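**Student:**
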Amino acid sequence: MLVDVRTDIAADGGTSGLSGVTRLASDLRLAVGRMTRRLRQAHAVGDVSLSGVSVLARLAADGPDSPTSLAEMERVRPQAMASTLAGLEQRGLVRRTRDARDGRRSIVAVTEDGRAMLAERRTESVQRLAAALDEFSAEERATLAAALPLLDRLAERL
Numbered sequence: 002m003l004v005d006v007r008t009d010i011a012a013d014g015g016t017s018g019l020s021g022v023t024r025l026a027s028d029l030r031l032a033v034g035r036m037t038r039r040l041r042q043a044h045a046v047g048d049v050s051l052s053g054v055s056v057l058a059r060l061a062a063d064g065p066d067s068p069t070s071l072a073e074m075e076r077v078r079p080q081a082m083a084s085t086l087a088g089l090e091q092r093g094l095v096r097r098t099r100d101a102r103d104g105r106r107s108i109v110a111v112t113e114d115g116r117a118m119l120a121e122r123r124t125e126s127v128q129r130l131a132a133a134l135d136e137f138s139a140e141e142r143a144t145l146a147a148a149l150p151l152l153d154r155l156a157e158r159l
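Following this line, the structure appears as structure tokens:
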């Protein structure tokens, strides 16, 4: 079902004119966007981009991969992935090698510096989230914990 949300959003940007699933989708998008922006603001200008962090996390979890495969999994154009990888490589966070089976292809792997940066960034984000969650009641934290599998499932379907 395609919905033009623009016709239902109030002049002040609120979602009071929306109903049901569309309102939930709009509210969720706003909340997730706000949280992402605030977590991102904690990092210095010129730091690794969110797309770069996502690629590093994928390589750290899944192991070395080709730029083409990474672009597909991250749902970006190959040119965008090439730019992201170039920035990561310039910082020494990933390294490229030739594919042993097909010398025309390159394989990208996260370096130890990349793993260290990723761990540091995760630690900072987790600490900020934990500090914020500390102000929530036990019931509110339980509600958020119960929603996590649904949020993961939603992310997989996007």
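Residue numbers for the sequence shown follow our numbering, beginning at 2 and rising by one.
Using N, Cα and C, we set each Cβ at its ideal position, and we do this for glycine too.
Keep in mind the model is a prediction, meaning the values are calculated, not measured.
Are the beta-carbon atoms belonging to leucine 51 and arginine 41 less than 9 Å from one another?
**Tutor:** For the purposes of this step, residue 51 is taken as the residue at position 50 of the sequence shown. For the purposes of this step, residue 41 is taken as the residue at position 40 of the sequence shown. In contact: leucine 51 and arginine 41 (Cβ atoms closer than 9 Å).
**Student:** Can you tell me whether DSSP reads valine 49 as helix, strand or coil?
**Tutor:** Reading the sequence shown from its first residue, position 48 is the one you call residue 49. Valine 49: coil per DSSP, three-state reduction.
**Student:** With distance defined between alpha-carbon atoms, name the residue in Asp28, Arg76, Arg129, Arg59 nearest to arginine 116.
**Tutor:** For the purposes of this step, residue 116 is taken as residue 115 along the sequence shown, with counting starting at 1. The shortest Cα separation from arginine 116 among Asp28, Arg76, Arg129, Arg59 belongs to Arg59.
**Student:** Just how far apart, CA to CA, sit alanine 131 and phenylalanine 137?
**Tutor:** As a working mapping, residue 131 is identified with position 130 in the sequence shown. As a working mapping, residue 137 is identified with position 136 in the sequence shown. Taking the straight line joining both Cα atoms gives about 10 Å.
**Student:** Following the continuous beta strand (DSSP E) through valine 77, name the residue where it begins and the one where it ends.
**Tutor:** Looking up residue 77 in the sequence shown gives position 76. Where valine 77 is concerned, there is no enclosing beta strand (DSSP E), given that its DSSP letter is neither H nor E.
**Student:** Short check: CB of valine 111 to CB of valine 127, under 9 Å?
**Tutor:** As a working mapping, residue 111 is identified with position 110 in the sequence shown. As a working mapping, residue 127 is identified with position 126 in the sequence shown. Cβ atoms of valine 111 and valine 127: not closer than 9 Å.
**Student:** Tell me, please, which residues DSSP counts as bridged to valine 111.
**Tutor:** Residue mapping note: residue 111 aligns to position 110 of the sequence shown, counting from 1. Val95.
**Student:** Kindly indicate which residue of Ile108, Ala43, Arg102 has the alpha-carbon position closest to the one of leucine 71.
**Tutor:** Indexing the sequence shown from 1 puts residue 71 at position 70. For the residues Ile108, Ala43, Arg102, the minimum Cα distance to leucine 71 belongs to Ile108.
**Student:** Assign leucine 86 to one of two classes, buried (16 or more other C-beta atoms within 10 Å of its C-beta) or exposed (fewer than that).
**Tutor:** Position 85 of the sequence shown, counted from the first residue, corresponds to residue 86. Buried.
**Student:** When you compare the CB of alanine 117 with every CB in chain C, is at least one pair closer than 9 Å?
**Tutor:** Looking at the structure shown, chain C is missing, and only one protein chain is on hand.
**Student:** Taking only three categories from DSSP, how would you classify aspartate 135?
**Tutor:** Within the sequence shown, residue 135 is the residue found at index 134, counting from 1. Coil.
**Student:** Got a sec: does the ligand COA put a non-hydrogen atom nearer than 8 Å to the Cβ of leucine 71?
**Tutor:** With respect to the ligand COA, the structure offers nothing, as it holds no ligand at all.
**Student:** Between the Cα of aspartate 48 and those of Asp63, Ala81, Gln91, spot the shortest distance and give me the residue it belongs to.
**Tutor:** Locating residue 48 in the sequence shown gives position 47, where the first residue counts as 1. For the residues Asp63, Ala81, Gln91, the minimum Cα distance to aspartate 48 belongs to Gln91.
**Student:** Return the Cβ separation of aspartate 114 and glycine 93 in integer angstroms, given the expectation that the two are a contact with Cβ distance under 8 Å.
**Tutor:** Within the sequence shown, residue 114 is the residue found at index 113, counting from 1. Within the sequence shown, residue 93 is the residue found at index 92, counting from 1. Yes, aspartate 114 and glycine 93 are in contact; Cβ-Cβ is about 5 Å, under 8 Å.
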